[in-house]
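Asks:
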Amino acid sequence: MKAGNTAKGLAVAALAMFVAGTALAQDAASLVPSEIRDRGTLKVGSQQTFPPIEFREPGSQEVSGASADLLREIAKRLKLELTFVQAEYAALIPGIEAKRFDMASGGISDTEEREQKLDFVNYMQSGGSMMVRAEDDANYKTIADFCGKSVATLLGSRVIMEKVEAASAECVAGGKEAIRAEQLPSAPDARMQLDLKRVDAYLGDFPALAYMGTQFPGKYAIVGGNYILTPYITSWGFAKDQAALRDAVKKATDEMLADGSYKQIMDKWGVGGGALAEITINLPASKRN
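Residue numbers (mature numbering (1 follows the signal peptide of the UniProt record, and there is no 0)): -25 to -1, 1 to 264.
#1: Residues in its own chain within less than 6 Å of residue -25 by CB, not counting five upstream and five downstream?
#2: Opposite residue 205 in the DSSP bridges: which residues?
#3: Around the Cβ of residue 217, are there at least 16 other Cβ atoms within 10 angstroms (buried) or fewer (exposed)?
#4: Given a cut-off of 8 Å, decide if residue 125 and residue 157 are closer than it, judged by their beta-carbon atoms.
#5: Give the C-beta separation of residue 236 and residue 48 to the nearest angstrom, bearing in mind that I take them to be a contact with Cβ-Cβ under 8 Å.
#6: Out of 43, 70 and 67, point me to the one whose CA is closest to residue 58's CA.
#7: If we call anything under 8 Å between Cβ atoms a contact, is residue 115 one with residue 198?
#8: Buried or exposed for residue 5, please, with buried defined as at least 16 other CB atoms from any protein chain shown within 10 angstroms of its CB.
#9: Exposed or buried, what is residue 88 when buried is set at 16 or more other beta-carbons lying within 10 Å of its beta-carbon?
#10: Let me confirm a value: residue 147 is counted as buried when at least 16 other C-beta atoms fall within 10 Å, else exposed. Which label applies?
#11: For residue 91, which of helix, strand or coil comes out of DSSP?
#12: Do residue 134 and residue 86 come within 8 Å of each other at the CB atom, strictly closer than that value?
#13: Provide the residue span of the alpha helix (DSSP H) that contains residue 230, from first to last.
#14: Can you grab the Cα-Cα spacing for the pair residue 68 / residue 7, in whole Å?
#15: Under 8 Å, Cβ to Cβ, is there at least one residue of chain C near residue 204?
#16: Which residues bound the alpha helix (DSSP H) around residue 6?
#17: Are the segment 135 to 145 and the segment 159 to 171 touching by the rule of at least three beta carbon pairs closer than 8 Å?
#18: Measure the alpha-carbon distance for residue 39 versus residue 82 and round it to whole angstroms.
#19: Using 10 angstroms around the beta-carbon of residue 265, count the other beta-carbons present and answer buried if the total reaches 16, otherwise exposed.
Structure (structure tokens):
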């Protein structure tokens, strides 16, 4: 009896290990929801004006950038065609809620507040910084130097605006003028306002500002460095009822992290320093050490 029970126990254990191994071996494509798999396309909401993350080169309809290339490889692994749906930054979350697209990209950051509406797959460490005209670089070192000045941010950039509002309140408390913030729909709009001297700085994502600086050598300067305003985690957003798609995208990105293609794409676009050691879900900067 004892020998029979032992054999039975070994058989059960072997079956459990087989089932667990099968689950682990499940490929990312098998996790894609049936309605998306049957359609054959992955629709991604993208602002397309956010280099080097997601943008269109002048005269081109093709979407370029780190996120765009990552998503192309992810879609390939999910056995789907990739379709970008253009949307301004402020329209990304409403677009997901209205089901205009399956997921949101284009530099959206994960925050605890946004997690009330969406789930996020985190793929890049980034942060907010300040870009000024090169001739004004010596005048600014921190956000406190912008008391009584005008700054531009992107419409919907809540994380950066919270820092601006807090700094502005400190300006007023110290007897200085408040910081005037103008929220604009796209990075080119913000840069134009800076060029026209209607604002004194453009406050935005560090990789985007650094890339913009390389396109116009000697014209702009970045005050401080990455995260001078606040660190945040650039992510892809998903509706709460799209957990299966979220998990499929995460698994495909995990595979890319393991085989080196994730880092290769990040390095290609000059954002390798923001590569994560682990792809996570709903882990914003506020929850990290």
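Cβ atoms here follow ideal geometry from the backbone N, Cα and C, with glycine treated the same way.
Replies: Let me spell this out:
#1: With a pLDDT of only 46 at residue -25, under the threshold of 50, the placement of this residue in the model should not be trusted, and no figure is reported.
#2: BP columns for residue 205 point to 103.
#3: Under this definition residue 217 is a buried residue.
#4: A contact, by the Cβ cut-off of 8 Å.
#5: Cβ atoms of residue 236 and residue 48 come within 8 Å of each other, at about 6 Å.
#6: Of 43, 70 and 67, the smallest CA-CA separation from residue 58 is found for 43.
#7: Contact flag set, yes.
#8: Burial call: exposed.
#9: Only exposed fits residue 88, as fewer than 16 other CB atoms lie within 10 angstroms of its CB.
#10: Under this definition residue 147 is an exposed residue.
#11: Helix.
#12: Cβ distance < 8 Å, so residue 86 and residue 134 count as in contact.
#13: Here the alpha helix (DSSP H) through residue 230 covers 218 to 234.
#14: Approximately 21 Å, taken between the alpha carbons.
#15: No chain C is part of this structure, which consists of one protein chain only.
#16: Per DSSP, residue 6 belongs to no alpha helix (DSSP H) and is neither H nor E.
#17: No: the two stretches stay apart, fewer than three of their Cβ pairs being nearer than 8 Å.
#18: Linking residue 39 to residue 82 through their CA atoms gives a straight-line distance of about 13 Å.
#19: With the chain running from -25 to 264 in the structure shown, residue 265 is simply not present.
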